[in-house]
Amino acid sequence: MCYAIPGKVIQIADNIISVDYFGETRRAKNEFLEISVGDYIYAQGGFVVQKIPASEALLSLETWQELFFKLKEIDQELAKQNKGLYQRANFLRQKHLGNACCIHGIIEFSNHCRNDCLYCGIRKSNSKISRYRMDVDEILEACRFAVKELNFKALVLQSGEDLWYTKEKLASIVSRIMKEFPALVILSIGERDLETYKELYQKGARAILMRFETGNPALYERYRPGKILSERLDLIRSLHDIGYLIFTGFLIGLPQQTEQDILNDIKLAGALNSEMFSFGPFIPHPDTPLRDVPKPSLDLALSAIARARIKFPQSRILVTTALETLDNENGARLGLLSGGNSLMINVTPLEYKRCYEIYPDRVGLNEDITRKIESTIKLLQSIGRAPTDLGLYIRGQ
Ligand code: SAM
8 MCYAIPGKVI QIADNIISVD YFGETRRAKN EFLEISVGDY IYAQGGFVVQ KIPASEALLS
68 LETWQELFFK LKEIDQELAK QNKGLYQRAN FLRQKHLGNA CCIHGIIEFS NHCRNDCLYC
128 GIRKSNSKIS RYRMDVDEIL EACRFAVKEL NFKALVLQSG EDLWYTKEKL ASIVSRIMKE
188 FPALVILSIG ERDLETYKEL YQKGARAILM RFETGNPALY ERYRPGKILS ERLDLIRSLH
248 DIGYLIFTGF LIGLPQQTEQ DILNDIKLAG ALNSEMFSFG PFIPHPDTPL RDVPKPSLDL
308 ALSAIARARI KFPQSRILVT TALETLDNEN GARLGLLSGG NSLMINVTPL EYKRCYEIYP
368 DRVGLNEDIT RKIESTIKLL QSIGRAPTDL GLYIRGQ
């Protein structure tokens, strides 16, 4: 988004480039653009997504210069403590990844779903929600707005598992984004055949957001009727083999889930080569079979983030909207101070956003997008986070 710092290309070796951000060097893969040393670019998720004119970059860097070093100081100060679980996680995040923080836009383009997950408000048996599908042009307009007007560099395209979007429709969406307003395209469309995913990779999509929901096979099969955990895990592994960055994780607070399950799930997310961990609290929806289950505590959700950070110090860890919903005032801040270093902002057009009710009273449902961006920037600056890209293959380095 507008909270993004351009980097200067200082070295190129095949399709791996080194990028300078005020003296810090990160690597990024360039698959899509003509780039030379000295050019200015935006990178996301370790991929070069846009090249920008030097005049534009220099103007932006001038406004960032002073702030960049001030933010680092604020972050270092906040991360000095190394005592309790959360502080220790924050200390490790700062030590390994500095104050870099990535922000993705998410567009929820359909709430039709062929699945009947017991926890989810858009499950196919819920006849109470009004269903919508954005058509291809509407999706592209929402993406254009997010990239061109709001300056997002990474977009999550999410939907229920909706086969109305054929391979051809999805391919045309991805290839038009990459041609007309390039960004890191992250797909979150559920289980589709590998041929579809290969085609979408070929068109330029580079990441998949797919949680395994719970790594406990008995719970998985209870809460996702007709589904088998090993099939979901195999699919995630195959998507990694295709070349996608994997963003995965699980729900926290499902009934009968134990603390040991949560620890196992953190390990499993790591074993699936998760480039970004995405786990959020389960929030009961009144029109689902799990309506009477109590919400998990904020502490349970924060401790999962912190434990993941301690186990995988070099990871990206998403602070989810569900965590923000659990505690409107402080959820995002506390998540970022307990090991988190990534956020998502919902850029779905307002009339649709209200209907994508996976759980009720999602935070920010009525908030104007520019206000949301402003408050997010304010939050990030208050805790010293800067939007430099974290670079390529961070977990392996
Ligand atoms: N169809 C895609 C898939 O299967 O990955 C993405 C859409 S799905 C609705 C997105 C995520 O919403 C799921 O991975 C699940 O963890 C989360 N979710 C569903 N119901 C939820 C609830 N009641 N509380 C919190 N998160 C929920």
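Residue numbers for the sequence shown follow the working numbering, beginning at 8 and rising by one. Where a beta carbon is used, it is the ideal one built from N, C-alpha and C, also for glycine. These numbers were taken from a predicted model, which means no experiment stands behind them.
Tell me whether W171 is buried or exposed, calling it buried when 16 or more other Cβ atoms sit within 10 Å of its Cβ.
exposed
Please go through the same chain and pick out, in chain order, the residues whose beta-carbon is closer than 7 Å to the beta-carbon of Y251, but skip the five residues on each side of it.
Y208, R213, A214 and I215
Given a cut-off of 8 Å on the beta-carbon distance, is the pair Y230 and C362 in contact?
no
Going by beta carbon distance, what residues of the same chain come within less than 8 Å of D299, once the five residues before and after it are set aside?
P291
I want to check one thing, is the minimum distance from the CB of M217 to the heavy atoms of the ligand SAM below 7 Å?
yes
Run through DSSP, which three-state label would D27 get?
strand
Give me the Cα-Cα distance between Y227 and I235, rounded to the nearest whole angstrom.
7 Å
Which of helix, strand or coil does DSSP assign to Y93?
helix
Does DSSP put I290 in a helix, in a strand, or in coil?
coil
DSSP beta-bridge partners for R151?
Its beta-bridge partners do not exist; DSSP assigns none.
Quickly, what does DSSP pair F254 with across the bridge? List them, please.
L216 and M283
Using DSSP's beta-bridge definition, name the partner residues of E115.
Q165
For P60, count neighbouring Cβ atoms within 10 angstroms of its own Cβ and tell me buried if that reaches 16, exposed if not.
exposed
Euclidean distance between Cα positions of R402 and E220:
In this prediction, R402 scores a pLDDT of 47, lower than 50, which makes its location untrustworthy; the coordinate-derived value is nonetheless stated afterwards. So the two alpha carbons sit approximately 22 Å from each other.
Would you tell me roughly how many angstroms separate the C-alpha atoms of F188 and V354, rounded to the nearest one?
15 Å
Quick one: is T265 buried, meaning 16 or more other Cβ sit within 10 Å of its Cβ, or exposed?
exposed
Nearest CA to the CA of G128: which residue from R378, K385, S281 and D368?
D368
Since F284 and A276 are thought to touch, with beta carbons under 8 Å apart, how far apart are those beta carbons, to the nearest angstrom?
5 Å
Just to confirm, is the Cβ distance from N158 to R392 under 8 Å?
no
Rounded C-alpha distance that separates V143 from Q267
43 Å
Given a cut-off of 8 Å on the beta-carbon distance, is the pair I253 and I243 in contact?
yes
Using the three-state DSSP reduction, which class does M185 fall into: helix, strand or coil?
helix
With 8 Å set as the bound, which would you pick, yes or no: does the beta-carbon of R231 sit closer than that to a beta-carbon of chain C?
Note that chain C does not occur in the displayed structure, where there is just one protein chain.
Considering only their Cβ atoms, is the gap separating V26 from I19 smaller than 8 Å?
no
Suppose you measure from the CA of H103 to the CA of L386; what does that come to, to the nearest Å?
21 Å
Using 10 angstroms around the beta-carbon of F286, count the other beta-carbons present and answer buried if the total reaches 16, otherwise exposed.
buried
Reduced DSSP secondary structure (H/G/I, E/B, other) of N271:
helix
Segment contact, 8 Å Cβ cut-off, at least three pairs: the region 310-320 with the region 80-88:
no
Thinking G222 and D272 are a contact (beta carbons under 8 Å), I'd like their distance in whole angstroms, please.
5 Å
By the DSSP assignment, the alpha helix (DSSP H) with F76 in it spans what residues?
A61 to L85
Terminal residues of the continuous beta strand (DSSP E) containing Q51?
Y47 to Q51
Which residues in the same chain as F289 place their Cβ atom closer than 7 Å to its Cβ, once the five residues preceding and following it in sequence are excluded?
Y126, L258, I259, G260, L261 and P303
Among residues of its own chain, excluding the 5 on either side of N118, which ones have a beta-carbon nearer than 7 Å to its beta-carbon?
I129, I136, R138, Y139, G167, C362 and Y363
Would you give the residue range spanned by the beta strand (DSSP E) that L350 belongs to?
S349 to N353
Exposed or buried, Q263, counting other C-beta atoms within 10 Å across all chains shown (16 or more means buried)?
exposed
Do K160 and Q51 count as a contact pair if the criterion is CB distance below 8 Å?
yes
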